[in-house]
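A.B. asks:
2 protein chains.
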Amino acid sequence: MRYKCEIAYIGTRYAGFQSQINALAIQDVIEKSLEVIFKEKIRIIMASRTDAGVHALAQVFHFDATEYDTYRLKGALNHFLPDDMHINKVEIVDKNFHARFLVKAKTYRYIINTGESDPFLKDRALEIHYDLDLDKIEDCMKLFIGKHDFASFNTTPYSDVKDQVREIYDFRMIQKGKLLIFEIRGNGFLKNMVRLLIGALIDVGRNKKTIEDIKKSLAAPNKEKERLNVAPGGLYLVSIEY
Amino acid sequence: MRYKCEIAYIGTRYAGFQSQINALAIQDVIEKSLEVIFKEKIRIIMASRTDAGVHALAQVFHFDATEYDTYRLKGALNHFLPDDMHINKVEIVDKNFHARFLVKAKTYRYIINTGESDPFLKDRALEIHYDLDLDKIEDCMKLFIGKHDFASFNTTPYSDVKDQVREIYDFRMIQKGKLLIFEIRGNGFLKNMVRLLIGALIDVGRNKKTIEDIKKSLAAPNKEKERLNVAPGGLYLVSIEY
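These protein sequences, in sequence, are chains Z and D. In this text, residue positions in the first sequence follow the numbering used here: the first is 1, and each later residue adds one. In this text, residue positions in the second sequence follow the numbering used here: the first is 243, and each later residue adds one.
#1: Is it right to say D/N264 is buried, meaning 16 or more other beta carbons lie within 10 angstroms of its own, or is it exposed?
#2: Tell me whether the beta-carbon of D/R255 lies closer than 8 angstroms to the beta-carbon of D/D325.
#3: Please give the ranges of any beta strand (DSSP E) in the segment 414-477 of chain D, keeping only runs that are unbroken, at least 3 residues long and fully inside the region.
#4: Using DSSP bridges, identify the partner residues of Z/F61.
#5: Just to make sure I have the definition right: I need the residues of chain Z whose C-beta is within less than 9 angstroms of the C-beta of D/A393. Which are they?
#6: I'd like to know if the segment 204-221 of chain Z and the segment 86-94 of chain Z are in contact, where contact means that at least 3 CB-CB pairs between them fall below 8 angstroms.
#7: Does any C-beta atom of chain Z lie closer than 8 angstroms to the C-beta of D/H304?
#8: Answer yes or no: does any C-beta atom of chain D fall closer than 8 angstroms to that of Z/F17?
#9: Quick check: the segment 309-329 of chain D against the segment 436-453 of chain D, are at least 3 beta-carbon pairs closer than 8 angstroms?
#10: Between D/H328 and chain Z, is any beta-carbon pair separated by less than 8 angstroms?
#11: When the Cα of D/Q269 is compared with those of D/K281, D/E468, D/G253, which residue comes out closest?
#12: Only counting the same chain, and skipping five residues up and downstream in sequence, which positions put a Cβ closer than 6 angstroms to that of Z/R124?
#13: Comparing the C-beta of D/F431 with each C-beta of chain Z, is any distance below 8 angstroms?
#14: Using only the alpha-carbon positions, how far apart do Z/M141 and D/F413 sit?
#15: How about Z/D163: is its C-beta nearer than 8 angstroms to some C-beta of chain D?
#16: For the segment 343-361 of chain D, enumerate the residues whose C-beta is nearer than 8 angstroms to any C-beta of chain Z, in chain order.
#17: With three or more beta-carbon pairs closer than 8 angstroms as the criterion, would you say the segment 352-370 of chain D touches the segment 420-433 of chain D?
#18: Would you grab the beta carbon distance between D/S394 and D/N471 for me? Rounded to a whole angstrom, and I think it's under 8 angstroms.
#19: Put Z/E67 into one of helix, strand or coil per three-state DSSP.
#20: Roughly how many whole angstroms lie between the Cα atoms of Z/T114 and Z/I145?
#21: DSSP state of D/E358, grouped into three classes?
#22: Considering only the beta carbon of each residue, do Z/R2 and Z/A47 sit closer than 8 angstroms?
#23: Is D/Q262 helix, strand or coil by DSSP?
#24: Can you tell me which of the three DSSP states D/N330 falls into?
#25: Taking the alpha carbon of Z/F120 as the point to measure from, which residue in D/K246, D/T308, D/H297 has its own alpha carbon closest?
#26: Are there 16 or more other CB atoms within 10 angstroms of the CB of Z/R166, so buried, or fewer, so exposed?
#27: Across which residues does DSSP place D/V407 in a beta bridge pair?
#28: Is D/H340 near D/H304, with beta carbons less than 8 angstroms apart?
#29: Please classify D/V278: is it buried, with 16 or more other beta-carbons within 10 angstroms of its beta-carbon, or exposed?
#30: Got a sec: is the Cβ-Cβ distance from Z/A8 to anything in chain D below 8 angstroms?
#31: In the DSSP output, which residue or residues are listed as bridge partners for Z/D28?
#32: Taking beta-carbon pairs under 7 angstroms, can you tell me which members of the segment 270-303 of chain D lie near chain Z?
#33: So, does the CB of Z/K122 fall closer than 8 angstroms to a CB anywhere in chain D?
#34: Taking a Cβ distance cut-off of 8 angstroms, strictly less, list which residues of the segment 68-83 of chain Z are near chain D, in chain order.
#35: Check this for me: beta carbons of D/I379 and D/M435, under 8 angstroms apart or not?
#36: Let me know the secondary structure DSSP gives Z/L81 once reduced to three states.
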């Protein structure tokens, strides 16, 4: 059977979603729990490789295993998983379902706290204590909407990803008290792309860069220019659409 | 000089605000930081003795010490305090100001998560997985508004608090997605009173008690009847008015 799962997690304690050498990843924790339940090694395929410290409200992964009641499986997984993870949903899906290849859109959120420091937002938002020109930020956000080669906003070496064109369907900013909440929806995101986009917006908002600078970075991919990779704790994977 | 401070904290790691034997209280942590700054033992007086695990968005305390610039004092305190506390405000006040005796009103919030478990709300909300009759809860909330002897909703032994009459100015419930957010404002609260009131509302909402039962508890103080002391992590001291 192929299972599709939706999981929420606080990324703070982990070296990202994907397994790696010498560091605990969220994937390792999930696979260990699945091994206890199914009594065999199980490999999961995730929709999105969130980085160290990045959170998820609804990450998706799939795996193949023997038959198991989905309600009981959800309960068993949540029993074994630590408190900073929670499986929201388990369903049995068609053998052709693939958590990564079939993604149609992903939505990310980035939270900036522009007010007083807040212990409840520790590792959950970026704190900014200087003034930001929100009109300029909103103008700049419009540049990113549509299909662009986002190579300037990618920390993976050039050779690794051939096609760096991604389409951003929607990018909006909501002010909620002292918080600035950015939501971006697109067909895919390069490594660190959301955080580099937010970094560029911050640079524009504090007049360290002009909108023209950002236009140039988009027009002529240059990996040296857009390097403000903001704190991972402000980033949330919100949803995956298939 | 007399200083008035406003502090936010996550109560999870502490045995409550007030110092006690053999357990770390928030008061101890603040007084230790003040001692480092002022190089003398300083005793603080808090507005509200929040219990173990209870949070605050704006607790107030005062203390007397030598002259110090308030902006620098705020910075120094936040430097020494751990990440789960943050001083929002420091002001110099009149010698007659008293953080506890002069309180005119306090507002508390209680958060219940009625939906899927949420790692981001761990120790920050009460999870309830059974149905609640919200109309009954709202009817019951109205009973508490006004001046009442709340002895049935007090865990302190009878003899310790002579006057158990408190006035509730306002009590409201807001539904926000899967959350039920209760806000209660009154001239004072007895030990565990907010949590016992919320516990009574839950009992009414799930039909374990009737509104008549609660009326009786209010009319004839009885410390055996209202004992559902809900999780401290759902409780927030929101503001203190002088």
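Ideal Cβ placement from N, Cα and C applies to all residues, glycine included.
C.D. replies: Reading it off the structure:
#1: exposed
#2: no
#3: 421-428
#4: Z/C5, Z/M46
#5: By Cβ distance, chain Z contributes nothing, its closest Cβ being about 34 angstroms from D/A393, past 9 angstroms.
#6: no
#7: no
#8: no
#9: no
#10: yes
#11: D/G253
#12: G233
#13: no
#14: 42 angstroms
#15: no
#16: E358, S359, D360, P361
#17: yes
#18: Not really, about 13 angstroms apart at Cβ, beyond 8 angstroms.
#19: coil
#20: 25 angstroms
#21: coil
#22: no
#23: strand
#24: strand
#25: D/H297
#26: buried
#27: D/D391
#28: yes
#29: exposed
#30: yes
#31: In the DSSP output, where bridge partners are listed per residue, Z/D28 has none listed.
#32: none
#33: yes
#34: N78, D83
#35: no
#36: coil
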